[in-house]
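Novice:
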Amino acid sequence: MVGLATVFGSGAMTNSIPEIENNDLLFVIGSNTKENHPIVALRMMKAARKGAKIIVADPRRVPLVRFAHIWMQQRPGTDVALLNSMMHVIVKEGLMDKDFIVFRTEGFDQEFLKGLDEFTPEVGQKITGVPKEKIIESARLYAGASSPGIYYTMGITQHSHGTDNVFCIANLGLMTGSLGKESSGVNPLRGQNNVQGSSDMGCSPNMYPGYQKLTISTIKEKFETLWGAKLSDREGMTATDMLSAAEAKELRAMYIMGENPVLSDPDMAHTVKALGALDFLVVQDIFMTETAELADVVLPAASFAEKEGTFTNTERRVQRVRKAVSPPGEAREDLWIIAELSNRMGYEMKYPRIEAVFQEMGMAWPAMGGMTYSRLNRGGLQWPCPTQDHPGTPYLFKGGFPRGKGRFTVVKYRPSIEETDEQYPFILTTGRELFHYHTGSMTRRVDALNKVSPEPFVEINPEDARDMAVEDGAMLRVTSRRGAIELKARLSKRPDRGVVFIPFHFKEAAANVLTNSKALDPFCKIPELKVSTVRIEKV
Amino acid sequence: MQDIREKILEAYHENEGNVISLLQDIEESFGYLPQDAIDWFSEQLDIPPSRFYGIATFYAQFHLKPRGENIITACCGTACHVKGSERLINSLMRELHIPSGEDTSEDKKFTVEKVNCVGACSIAPVVIINKEVHGKMTADRLMKEIRKIK
Amino acid sequence: MMQECNIVIKVCMGTGGIAAGGTGVVSAFNEEIKAAGINASVEKNCSVHNVGCRGFCARDVLVDVIIDGEKTTYEYIKSDMVPRIVQEHILQGQAVGDWEVKEDYHTFHEKQVKVVLSDCGEVDPEDIESYVERGGYEALKKVLATMTPEETIDLIKASGLRGRGGAGFPTGLKWEFARKAPGEPKYLICNADEGDPGAFMDRSVIEGNPHSVIEGMIIGAYAIGALKGYVYIRAEYPLAVERLKIALDQARQRGFLGNRIQERDFNFDIKIKLGAGAFVCGEETALIASIEGNRGMPKAKPPFPAQKGLWGKPTVINNVETLANIAYIIRNGADWFAQFGTEKSKGTKVFALTGKVKNSGLIEVPLGIALREIVYDIGGGIEGDRKLKAVQTGGPSGGCITADMIDIAVDYESLAKAGSIVGSGGMVVMDETDCMVNIAKYFLEFTQAESCGKCVPCRIGTKRLLEILERITDGRGRPGDMDLLEKLSNDIRSASLCGLGQTAPNPVLSTLRYFRDEYEAHIHEKRCPAGVCKNLLTYSILEEFCKGCTMCARVCPAGAIVGEKKKPHKIIQEICVKCGACFETCKFKAIKKG
Amino acid sequence: MMVTLTIDGRSIKVRDGSTILQVSREHDFYIPTLCDDPRLEPYGGCRLCLVQIKGMPRPVTACTTPVTEGMNVETTNEEIEGLRRTIVELLLSDHPTDCMICEKAGDCTLQELAYFYNLRENRFEGERRQYSGSDGNPFIERNMEKCILCGKCVRVCNEVQGVSAIEIAYRGFSAKVCPPFEKDLDCEFCGQCVSVCPTGALMGKISMGKGRQKDIEKVESICPYCGCGCNITLHVARNEVIRVSSRPESLNEGWLCVKGRFGFRFNSSPDRLKHPLIKRNGRFEEASWDEALDYVAERFGEIKEKHGADAIAGLSSARCTNEENYLFQKFLRAAVGTNNIDHCARY
């Protein structure tokens, strides 16, 4: 989100899900939408049925490809080159939206154009492996569309140049004026039910709720007044930094609520070691996760079906969650737990009703100020929604960007940190599959899901498998510089030759044993989960 | 086998991608629609196999099981019906020992099929033996013809 | 070619002719002529031609021998008869009188008026020249050279031509809708999925004169502005398909199809699509689904194909016979065509006259002709001079005309009033040995098996109709069954999605209307008056006639007949399967059916 | 473009291009249907929505017929009700009468219609389709004897989900919805087909035998999985979530994925944490809330005292509510005094 926030001044989906069906062109890059955002994918397919064209760019033949007009199979980690070549074509053929560039953007200058110079379609083809004809046709289709939407997910962001990727996407959108309109924009699809909400709510080391920078003193003062407490003006640590700090004994205690970094973070051995080095670890969850195992205290929480509250989905829509059943045993709502703990630490939290918390959130961040539970009971609302008579905002940047003008960014192509060599000849890319979710703490406890997807696997191109005399279902050992796991081969034409895919849901062969925690994006510190190198042997 | 499939695939692309024509080609080449062939084409063309199956079971021309070496088709059009095609079929089933509910003899030598009308009503009743039309058929003559190829 | 020769031999090589041995006859002629050295020695040109059906297939193989324009027609010719014809007739000029067609061959043709069939049996269907020699493709040239598409449509409208596939919708109007409908490209489809059991008009026309259909299609395409045409034809008609392929190739070579037809700014080509065996695909929307490569399930209309048809584009679907009329109408004018027929039903109609009639075959008559003329004059009356019971018209969608109504005029309106339809032109004559309940059951078996299953009334309703008919013919009929049949039939008719379902109950309603007594006999007396329904029959041996020849015992498939040689036999009723084999075998009329 | 038409004597002005059924629904004229779903292409198969248009020779289906200017529609009369009754009766003649043990009872459109038309006896009793064997997949119970061939499942699988795992095979009375070669269902198991099935032909296996319709309480909520924010309805019986559905008018148009629709059983998993746990000598021991919370407060206090507030950090969750996330960061910032807060998917 850092990337988009830099460019536009706000980082979220610019459009809403219902608008997707009115796109006339959809450029889906680095997103296995049909498996990871199935319901968004249905809207995309609906758009296609209504006549829209879909362009998919993905190193794997993801299921959405069946519905695509063009599929570009770029090599993992070469998105900058791909996007820059598309922009090269657009500039060369004069397909930009010149008015939009003049009035609503800045930075479309000689330096920027020079940056694109070298990325001819031929160069693009050489780096990405995508035939130049496809690059050219995609560029023309995108630039020629009247309501194009770009959709991306972790396939774009989980790279050591993830922010660069996002900058490129933003450049593409700005260049063609495909922003600030209905059914036209740049849309990161969020992977978890409330990622948007936890970002909005200020669970980040440098921002208060509503992306308000804590380094700005007036903002800090506002929150000090609201909360009646003195606040620190030192930016905190990112999740990645926390683990290193723990190892270095700079960090002594952690309170982890509803997360399982042992499985979800790169380099599992490193994570376990770091958490083990803490003096005190509290984990609050609904299951005894791999992370909870390491805790000193485990607090049993309520699940989504056992509490009241709100979630904010990927299109900024705040919606009500309701209590349907009571929690098992002594398990309690997280809200109660946090408030109780706070009270015991001498900072009083007293909320007569849950909505009182929600009301305070509205005071902290005006964009949600117009929302109430009774309004939400009639249907979700998309922020910004500053007043009680505001209908919410289906798409952003109608009148302009929060930071004034949208900014073009010069982006150089940098290869991924790890490159294949004789010892590690395969590129490993990780992700989710349809039947499981994230670290599997929920889905792997659903019998029916386990029945259709019982065990870990590594997806490998049949031709690579043939060269290694590997048959479907054979046990393989996959080794990286960090470690090794053993799992079954699944022969599939989805990945290209030289690329393998492992879903990270399975603790018995955790993909993140192999991934690299040291390859981080310099801006936002996201780990490069989409590209690491491995070797494969038969067991 | 692979060659035949490739050739059919080529014809399919030339033939503006018609699934029925594709199945007709498979039926023509193999005598029926083998499941592995359907699966193969389904994968090559990224067409869901359910579509093939739906079509294959809709049209009378397609068969999912192998058929006999000799195909005997009895016309059951109105003219043939009033001129006794039913009796011809019964005698065929008896002669060839085809169990009721089946259409192919156990030794896979004969398949007896009914067809709605071959449009040769003025020479009813009509029986087609291995693509050759025989008009004004009687049970006796039919048995003679059958015994010739038995 | 044909006209240059002074000896022309035409052998009927339709499906009927081939089934009767036509191929052998043709080669016998060729061999004999060569052996006799006719072309060299007699200094005459002699050529042998395959021609299509001339309608009277029951007499096949029919052979015309034309010497200096004088035609002699032979019937029932086998290949071993050819040497005598060559010797006596061709070499010595003395026709073989015994083998010539008789009087009835001429009466069969006398009352007919041939438009669509005028060149069938005359031209060689595999030779475009023989069609061109007889004026073929003149109509197309005329249209392209002198008429606008609108004028062409107007001419067809003026002729009063109505669709010959069954519904009788005015053809010119249909073309006009498609011409005016927005959307490109437009399509023209020739519906040759002749599925009615007991109908073979379309097969005969394509086998006999494929170019007449192709010419009609090209003119139609010009009129509506179509670039592409399809002939959707049954795979069960291999000969017709083969001849159509040849004809299309020849038409392309002659520049009647393809780009810049006759050097004009008009492109059109035709593709053949083989049906895969589903009667419902005769329905327009199902046919379109089938051409698109899907299950042939009909869709609701509107939108009509003329608005949104094949691939969602304006599409005209015309039946074979309709299209085969076009060139003749253009050539001779709308008034010429409109002189035939009645006020609302113009022109001629081809019928497939079959069943218990003496002369069965393909006939073409002016609409409005009395049914009596068809059955007794053209058809020569009932086989075995039995009593006429009914004429079934319109196949499974049609109904029965009783013997009382034999003077009815055969046109769209009159037949509809009598509860039947012209339909595609099947005409099955039934006599007193036909059971009308069984006929209704036969048609229901057919439509039920051909129901696509999409809509409830047809899928389950026809099944239930059939079940009720089955129990009636099995002797398990119940007192309320006739009422129930009628009610259910009416509901199916009103509620079904497509024409197949809407017309499926017609055979039931029509027989209920005219043959209530037969139903009552089945239900109340457990008796089949015509002696057809197996379970209501008993076979027994009349001792006084039985000679004990054992023939019946030998043919009995169930072993139900016992008795000593030379002594009267007996049928054990418990074992008898009522197949009737004994009844047919007995030479002494000793088996009693009843 | 607007057109004016008359329905049951009432004059109505509507948008051109709508069907009679759409207009009737918008204006509260009841027309029964089994095969229509506003989210799918019209089908015209069940024939229940037949209406009479003045001047037309036969009734037409409201679901497929577009409105036209001046059209005069009758949605009900004796003839039409007679046809509808016959249609329901025909369907019932080929349908098991095991409503008393059918999972769908109480939520079944066919049952409702049978009730509405008071179909005690059936004039059309006859052969019934009979199928043996059951589908071994873990999610969807397929009882094809209860299928009425409305084709909704096939259309939703093809049009909406783009999977085409099932198709109508065979024809006429033998027509049958099945996977290719009649094997077990092998698909994305989104259960869209289950959600549109008007009878008990398609049911979620997980929910079977868990409670009758009358005992089920429905609670509106949001799916706990990915970021789409699908609206779900939790079906609760005896303090347990037994089924998940979604309303067609919701953001996600009633569609869900396999996890959202069938992945809810984790909630009642025996593995759920039920007590606060404190690790003593390397082993977790159950503790009371007071004990656990006091202990945590004490330890945090000690560490803050000794190493400063910035020696403490919190990781929040994208799985928790906004309210929880808000309070969590407030806790760390105001109660602990550090900005060491992050959540793992903030990128």
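Residue numbers (our numbering), protein chains in the order written: chain A, 1 to 539; chain B, 540 to 689; chain C, 690 to 1283; chain D, 1284 to 1630. Heads up, the beta-carbon is just placed ideally off N, CA and C, and yes, glycines get one too.
Can you check whether the C-beta of G705/C is within less than 8 Å of a C-beta belonging to chain B?
Specialist: Against the third sequence, residue 705/C aligns to sequence position 16. Answer yes: the Cβ-Cβ gap between G705/C and chain B drops below 8 Å somewhere.
Novice: Using a 10 Å radius around the Cβ and a threshold of 16 neighbouring Cβ atoms, would you call E1386/D buried or exposed?
Specialist: Here residue 1386/D corresponds to residue number 103 of the fourth sequence, with the count starting at 1. Counting Cβ neighbours within 10 Å, E1386/D comes out buried, since at least 16 surround it.
Novice: Just checking my contact of V790/C with R748/C at CB under 8 Å: how many whole Å lie between their CB atoms?
Specialist: Counted from its first residue, the third sequence places residue 790/C at position 101. Counted from its first residue, the third sequence places residue 748/C at position 59. That pair is a contact at about 7 Å.
Novice: Using the beta-carbon of each residue, which ones in chain A are nearer than 7 Å to V1579/D?
Specialist: For the purposes of this step, residue 1579/D is taken as residue 296 along the fourth sequence, with counting starting at 1. Here the neighbours are V282, V297 and L341.
Novice: Tell me, please, whether the CB atom of V731/C is closer than 8 Å to any CB atom in chain B?
Specialist: Stepping through the third sequence from its first residue, residue 731/C is reached at position 42. With a pLDDT of 48 at V731/C, under the threshold of 50, the modelled position of that residue is not reliable, and the figure given next carries that caveat. Answer no: the Cβ-Cβ gap between V731/C and chain B never drops below 8 Å.
Novice: At what residues does the beta strand (DSSP E) containing V1117/C begin and finish?
Specialist: The residue given as residue 1117/C occupies position 428 in the third sequence. Taken as a continuous stretch (DSSP letters only), the beta strand (DSSP E) holding V1117/C covers G1115 to D1120.
Novice: Quick one: residues in its chain with C-beta nearer than 6 Å to the C-beta of F280/A, no 5 flanking neighbours on either side, listed in chain order?
Specialist: Here residue 280/A is taken as the residue at index 280 of the first sequence, counted from 1. Once the five neighbours on either side are set aside, the close Cβ partners of F280/A are A253 and D296.
Novice: What's the C-alpha gap between T1344/D and D1180/C?
Specialist: Counting from one through the fourth sequence, the residue named residue 1344/D turns up at place 61. Counting from one through the third sequence, the residue named residue 1180/C turns up at place 491. Looking at the two C-alpha atoms, the distance is approximately 14 Å.
Novice: Using a C-beta to C-beta distance shorter than 7 Å, which residues of chain E count as neighbours of E925/C?
Specialist: In the displayed structure, chain E is absent; the protein chains listed are A, B, C and D.
Novice: Tell me whether M632/B sits in a helix, a strand or coil according to DSSP, three-state version.
Specialist: For the purposes of this step, residue 632/B is identified with residue 93 of the second sequence, where counting begins at 1. M632/B falls in the helix class under three-state DSSP.
Novice: Please check if any C-beta of chain A sits within less than 8 Å of the C-beta of Q1394/D.
Specialist: Taking the fourth sequence and counting its residues from 1, one reaches residue 1394/D at position 111. By this cut-off, Q1394/D is not an interface position.
Novice: DSSP has E1053/C in a bridge; who is on the other side?
Specialist: Translated into the one-based positions of the third sequence, residue 1053/C becomes position 364. DSSP lists V1039/C as partners of E1053/C.
Novice: Residue range of the beta strand (DSSP E) that S1034/C falls in?
Specialist: Here residue 1034/C refers to the residue found at position 345 of the third sequence. Element bounds for S1034/C: n/a, residue is neither H nor E.
Novice: Can you list, in chain order, the residues of the stretch 1127–1140 of chain C whose Cβ is nearer than 8 Å to any Cβ on chain D?
Specialist: Flagged, chain order: Q1137, A1138, E1139 and S1140.
Novice: Using only the alpha-carbon positions, how far apart do Y152/A and V195/A sit?
Specialist: One-based indexing of the first sequence puts residue 152/A at position 152. One-based indexing of the first sequence puts residue 195/A at position 195. About 15 Å.
Novice: Where do the N-terminal and C-terminal ends of the beta strand (DSSP E) with D285/A fall, by residue?
Specialist: In the first sequence, residue 285/A corresponds to position 285, counting from 1. From DSSP, the beta strand (DSSP E) with D285/A extends over F280 to D285.
Novice: Verify the CB distance criterion: does Y1630/D have a CB-CB separation below 8 Å to chain B?
Specialist: Taking the fourth sequence and counting its residues from 1, one reaches residue 1630/D at position 347. With a pLDDT of 45 at Y1630/D, under the threshold of 50, the predicted position of this residue should be treated as unreliable, and no value is reported.
Novice: I'd like to check one pair, I1449/D with L1432/D: are the Cβ atoms closer than 8 Å?
Specialist: Indexing the fourth sequence from 1 puts residue 1432/D at position 149. Indexing the fourth sequence from 1 puts residue 1449/D at position 166. No. Outside cutoff.
Novice: Closer than 7 Å, Cβ to Cβ, to anything on chain B: give me those residues from the stretch 1458–1470 of chain D, in chain order.
Specialist: Under the 7 Å Cβ criterion, the stretch 1458–1470 of chain D contributes P1462, P1463 and F1464.
Novice: Does the stretch 1318–1326 of chain D come close enough to the stretch 1356–1374 of chain D to have 3 or more Cβ pairs within less than 8 Å?
Specialist: These segments do not touch.
Novice: Counting along the chain, where does the alpha helix (DSSP H) carrying P838/C start and finish?
Specialist: Walking along the third sequence from the start, residue 838/C turns up at place 149. Residues P838 to S848.
Novice: Residues of chain D with CB under 8 Å from T225/A, in chain order?
Specialist: As a first step, residue 225/A must be located in the first sequence, where it is residue number 225. Those do not exist, as T225/A stays about 12 Å from chain D at its closest Cβ, beyond 8 Å.
Novice: Taking any Cβ of chain B, which residues in the stretch 790–805 of chain C have a Cβ under 9 Å from it, in chain order?
Specialist: Hits within the stretch: zero.
Novice: Looking at C-beta atoms only, is the number of pairs between the stretch 826–835 of chain C and the stretch 800–813 of chain C that lie closer than 8 Å three or more?
Specialist: Result no; under three Cβ-Cβ pairs closer than 8 Å.
Novice: When you compare the CB of H673/B with every CB in chain C, is at least one pair closer than 8 Å?
Specialist: As a working mapping, residue 673/B is identified with position 134 in the second sequence. Taking Cβ atoms only, chain C reaches closer than 8 Å to H673/B, which makes this a yes.
Novice: Decide if A1138/C is buried, meaning its Cβ has at least 16 other Cβ atoms within 10 Å, or exposed.
Specialist: Here the question's residue 1138/C lines up with position 449 in the third sequence. Counting Cβ neighbours within 10 Å, A1138/C comes out buried, since at least 16 surround it.
Novice: Between which two residues does the alpha helix (DSSP H) holding N1322/C run?
Specialist: For chain C, the structure presents residues 690 to 1283; residue 1322/C sits outside this window and is missing.
Novice: As an exercise, report each continuous beta strand (DSSP E) stretch of at least 3 residues that is fully enclosed by the stretch 954–997 of chain C, in chain order.
Specialist: Counting only runs of 3 or more, we get 958–963.
Novice: From G1409/D to R1153/C, what does the alpha carbon distance come to, in whole angstroms?
Specialist: Looking up residue 1409/D in the fourth sequence gives position 126. Looking up residue 1153/C in the third sequence gives position 464. When rounded, the distance between both Cα atoms is 7 Å.
Novice: Per DSSP, what kind of secondary structure is L1231/C in: helix, strand or coil?
Specialist: Walking along the third sequence from the start, residue 1231/C turns up at place 542. Three-state DSSP puts L1231/C in coil, outside helix and strand.
Novice: Taking DSSP as the reference, what is the three-state secondary structure of S736/C?
Specialist: Residue 736/C sits at position 47 when you count from the first residue of the third sequence. Of the three classes helix, strand and coil, the one that applies to S736/C here is strand, per DSSP.
Novice: How many whole angstroms separate the CB atoms of G741/C and P838/C, which I take to be in contact at a CB cut-off of 8 Å?
Specialist: Taking the third sequence and counting its residues from 1, one reaches residue 741/C at position 52. Taking the third sequence and counting its residues from 1, one reaches residue 838/C at position 149. Not quite, the Cβ-Cβ distance comes to about 31 Å (not below 8 Å), so this is no contact.
Novice: R544/B touches chain D at which residues, Cβ-Cβ below 9 Å?
Specialist: To locate residue 544/B, count along the second sequence from 1; it is residue 5. Those do not exist, as R544/B stays about 18 Å from chain D at its closest Cβ, beyond 9 Å.
Novice: Output needed for I1280/C: all residues of its chain with C-beta closer than 7 Å, excluding positions within five of it in sequence on either side, in chain order.
Specialist: Mapped onto the third sequence, residue 1280/C falls at position 591. The residues are Y1228, I1230, C1241, C1271 and F1272.
Novice: What does DSSP give as the partner residues of E1523/D in its beta bridges?
Specialist: Residue mapping note: residue 1523/D aligns to position 240 of the fourth sequence, counting from 1. According to DSSP, E1523/D bridges with A1520/D.
Novice: I'd like to know whether the C-beta of T1289/D is nearer than 8 Å to at least one C-beta of chain C.
Specialist: For the purposes of this step, residue 1289/D is taken as residue 6 along the fourth sequence, with counting starting at 1. T1289/D does not count as touching chain C.
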